[in-house]
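Enquirer:
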Ligand SMILES: [Zn+2]
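Put into structure tokens, the structure is as follows:
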């Protein structure tokens, strides 16, 4: 980790990798599915922040005939991707900490139903530590990893959390030692989802639970919005459906315990700020603070939330 506060530089080697195999089921029957709608060769960290506004922007996408997984092909090489996420700074994400913490409560409720004895929870892509902070208050021991240096520092300063800064793909984690692993809006940002879940399986204790939340490309919202769907954005390298998620769990040897649709809570301020035409109203400080205090639960149903067990249900 760097010690200076200078903005980290993005890798000068902007190389990309083209694959001929499905990153979920390893099937060889993949085909070019959709053309890119933005120039990813000049990708910048601000385009992949959590609260970016780059809706409708897609990579060159391939699709697997076997499991239906849709993915960026080519995708950024590991060093390039790592340097992009290392440099991400997203103060707007932290502005929404309260609404976001409401998103995480139902996840912890569910995890505690499956695993009442709690234990160590590991959050992959922990961002500024909002989930881990609530988990800690509820009696979990917490651990996690985050690529963005800014987010790791924020978690330390705001919540006193020591989140590891680095790449989940390359860190070494003790096998069979965690009772829960959470990946909330993580798996769609990486090029190798199977390897990521396989690693979670190794680090989980037998009987441990993986919670995974990711957008559903076959959801009603995705179909209605078509090419303008808000999950088509530069940070997203993969698009799951129920079918490809099932293929992922099956190949990883996990047993599905529960699947539901995810409802997000945001402030009215955040929702308005997503639309360029409405954003100007927020320049009025009184209106802006009123909007920040109004929380809205959006049951868009376009993300899948799944809980899977390491082992077989008794
Ligand atoms: Zn596949």
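Residue numbers (the numbering used here): 2 to 315. Glycine residues also receive a C-beta, built at the ideal position from the N, C-alpha and C atoms. This structure is a prediction, so every number in the text was calculated from the model and none was measured.
1. Look at residue 1 and residue 210 and say whether their C-beta atoms are less than 7 Å apart.
2. Using the three-state DSSP reduction, which class does residue 173 fall into: helix, strand or coil?
3. How many Å lie between residue 147 and residue 87 at the Cα?
4. I'd like the ranges of any beta strand (DSSP E) spanning at least 3 consecutive residues and lying wholly in the region 130-185.
5. Return the residue from the list 14, 255, 59, 25 that minimises the CA-CA distance to residue 34.
6. Give me the Cα-Cα distance between residue 109 and residue 136, rounded to the nearest whole angstrom.
7. Along the chain, where does the alpha helix (DSSP H) containing residue 284 start, and where does it finish?
8. Going along the chain, which residues of its own chain have a beta-carbon closer than 6 Å to the beta-carbon of residue 192, five neighbours each way excluded?
9. Please classify residue 99 as buried or exposed, where buried requires at least 16 other C-beta atoms within 10 Å of its C-beta.
10. I believe residue 121 touches residue 178 by the beta-carbon criterion, under 8 Å. Please report the beta-carbon distance rounded to the nearest angstrom.
11. So residue 244 is in the alpha helix (DSSP H); what residue range does that whole segment cover?
12. Does the distance between the C-beta of residue 239 and the nearest non-hydrogen atom of ligand 1 fall short of 6 Å?
13. Cβ-heavy atom distance between residue 67 and ligand 1 below 6 Å?
14. Applying the 10 Å Cβ sphere with the 16-neighbour rule, what's the burial state of residue 91?
15. Just curious, the beta strand (DSSP E) that residue 209 is in, first and last residue?
16. Cβ atoms of residue 20 and residue 74: under 7 Å apart, would you say?
17. My understanding is that residue 219 touches residue 253, with C-beta atoms under 8 Å, so please give their C-beta distance in whole angstroms.
18. Grab me the residues of residue 118's own chain with a C-beta within less than 8 Å of its C-beta, minus the 5 sequence neighbours each way, in chain order.
19. Out of 129, 198, 293, 69, state which residue places its alpha-carbon closest to the alpha-carbon of residue 309.
20. On the premise that residue 30 lies in contact with residue 83, defined as a C-beta separation below 8 Å, what is that separation, rounded to the nearest angstrom?
21. Less than 7 Å separating the beta-carbons of residue 216 and residue 304?
22. For my contact list, residue 140 and residue 162 are in at a C-beta cut-off of 8 Å; report their separation, rounded to the angstrom.
23. Could you check which residue in 94, 93, 132 has the C-alpha nearest to that of residue 112?
24. Please say whether residue 56 and residue 231 have beta carbons closer to each other than 7 Å?
25. Between residue 205 and residue 188, how many whole angstroms is the CB-CB distance? I'm expecting something under 8 Å.
26. Curious, which full-length alpha helix (DSSP H) runs of at least 4 residues does the region 16-52 contain?
27. Judging by CA-CA distance, which residue of 228, 280, 288, 46 is the nearest neighbour of residue 36?
28. Quick check: does the Cβ of residue 70 come within less than 6 Å of any heavy atom belonging to ligand 1?
29. Going by C-alpha to C-alpha distance, which of 184, 158, 153, 144 sits closest to residue 175?
Expert: Per the coordinate set shown:
1. Beyond the ends of the chain as shown, which are 2 and 315, falls residue 1; an answer cannot be given.
2. The count along the chain shown starts at 1 and reaches residue 173 at position 172. It is coil, neither helix nor strand.
3. Within the chain shown, numbered from 1, the residue matching residue 147 stands at position 146. Within the chain shown, numbered from 1, the residue matching residue 87 stands at position 86. About 9 Å.
4. 142-147, 179-185
5. By one-based count along the chain shown, residue 34 stands at place 33. Residue 34 has its Cα closest to that of 59, out of 14, 255, 59, 25.
6. The residue given as residue 109 occupies position 108 in the chain shown. The residue given as residue 136 occupies position 135 in the chain shown. Going from the Cα of residue 109 to the Cα of residue 136 covers about 7 Å.
7. Working through the chain shown from its first residue, we reach residue 284 at position 283. Per DSSP, residue 284 belongs to no alpha helix (DSSP H) and is neither H nor E.
8. Indexing the chain shown from 1 puts residue 192 at position 191. Once the five neighbours on either side are set aside, the close Cβ partners of residue 192 are 76, 238.
9. Taking the chain shown and counting its residues from 1, the one referred to as residue 99 is at position 98. Residue 99 is exposed by the Cβ-count criterion.
10. Here the question's residue 121 lines up with position 120 in the chain shown. Here the question's residue 178 lines up with position 177 in the chain shown. Right, the Cβ-Cβ distance comes to about 7 Å (below 8 Å), so this counts as a contact.
11. Here residue 244 is taken as the residue at index 243 of the chain shown, counted from 1. Run containing residue 244: 243-253, per the alpha helix (DSSP H) assignment.
12. By one-based count along the chain shown, residue 239 stands at place 238. No.
13. The count along the chain shown starts at 1 and reaches residue 67 at position 66. Yes, Cβ of residue 67 sits closer than 6 Å to a heavy atom of ligand 1.
14. As a first step, residue 91 is located in the chain shown; it is residue number 90 there, counting from the start. By the neighbour-count rule (16 or more Cβ atoms within 10 Å), residue 91 is buried.
15. Numbered from its first residue, the chain shown carries residue 209 at position 208. Where residue 209 is concerned, the enclosing beta strand (DSSP E) stretches over 205-216.
16. For the purposes of this step, residue 74 is taken as residue 73 along the chain shown, with counting starting at 1. For the purposes of this step, residue 20 is taken as residue 19 along the chain shown, with counting starting at 1. Contact: yes.
17. Position 218 of the chain shown, counting from 1, holds the residue named residue 219. Position 252 of the chain shown, counting from 1, holds the residue named residue 253. 21 Å between Cβ atoms; not a contact.
18. Walking along the chain shown from the start, residue 118 turns up at place 117. Here the set comprises 180.
19. To locate residue 309, count along the chain shown from 1; it is residue 308. Looking at the Cα atoms, 198 is the closest of the given residues.
20. As a first step, residue 83 is located in the chain shown; it is residue number 82 there, counting from the start. As a first step, residue 30 is located in the chain shown; it is residue number 29 there, counting from the start. Actually they do not touch by this definition, with Cβ atoms about 30 Å apart.
21. On the chain shown, residue 216 is found 215 positions in, with the first residue counted as 1. On the chain shown, residue 304 is found 303 positions in, with the first residue counted as 1. Result yes, Cβ atoms of residue 216 and residue 304 sit closer than 7 Å.
22. Here residue 140 corresponds to residue number 139 of the chain shown, with the count starting at 1. Here residue 162 corresponds to residue number 161 of the chain shown, with the count starting at 1. Not confirmed; about 15 Å, so no contact.
23. Numbered from 1 along the chain shown, position 111 holds the residue referred to as residue 112. Closest option to residue 112, Cα to Cα, is 132.
24. The residue given as residue 231 occupies position 230 in the chain shown. The residue given as residue 56 occupies position 55 in the chain shown. In this structure, residue 56 lies closer than 7 Å to residue 231 by Cβ.
25. For this step, residue 205 is matched to residue 204 along the chain shown. For this step, residue 188 is matched to residue 187 along the chain shown. Contact doesn't hold; Cβ gap of about 16 Å is too wide.
26. none
27. Here residue 36 corresponds to residue number 35 of the chain shown, with the count starting at 1. When only C-alpha atoms are compared, the closest one is 228.
28. Here the question's residue 70 lines up with position 69 in the chain shown. True, at least one ligand heavy atom lies under 6 Å from that Cβ.
29. Start at 1 with the first residue of the chain shown, and residue 175 comes out as number 174. Considering only alpha carbons, the answer is 144.
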